[in-house]
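Numbering (our numbering), first residue to last: 3 to 78.
All residues carry an ideal CB built from backbone N, CA and C; glycine is no exception.
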C-alpha cells in the first residue's frame, strides 16, 4: 500500500476503494509486532529517506518494520 517513505503508491487508494477483498502478507517487525511499513536501507543498513519511489531489491534493500520502529528510523 505504501512506499518506503510511508506514502501511498499511485493508484493504491483507488484500487483499495474498489477491492472486494484484501489479502495481506504477514510480516513481523524485529520487536515482534506486526510490520506495516517497509524501510529502504542503503548498503550500510542506514535508512534511505529520499529517492525514486520504486527500486528493485530484496531483503538487502528493504526491512519490514512496525510503525513505531519505522518512525524512529526515519526521524532519529
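In three-state DSSP terms, what is residue i?
| i | result |
| --- | --- |
| residue 10 | strand |
| residue 36 | strand |
| residue 63 | coil |
| residue 15 | helix |
| residue 75 | helix |
| residue 3 | coil |
With the cut-off set at 8 Å, would you say residue i and residue j are in Cβ contact?
| i | j | result |
| --- | --- | --- |
| residue 41 | residue 67 | yes |
| residue 43 | residue 63 | yes |
Check whether the Cβ of residue i lies closer than 7 Å to any heavy atom of the ligand MN, and answer yes or no.
| i | result |
| --- | --- |
| residue 4 | As presented, the structure is devoid of all ligands, the ligand MN included, so that no description of it is given. |
Let me confirm a value: residue i is counted as buried when at least 16 other C-beta atoms fall within 10 Å, else exposed. Which label applies?
| i | result |
| --- | --- |
| residue 30 | exposed |
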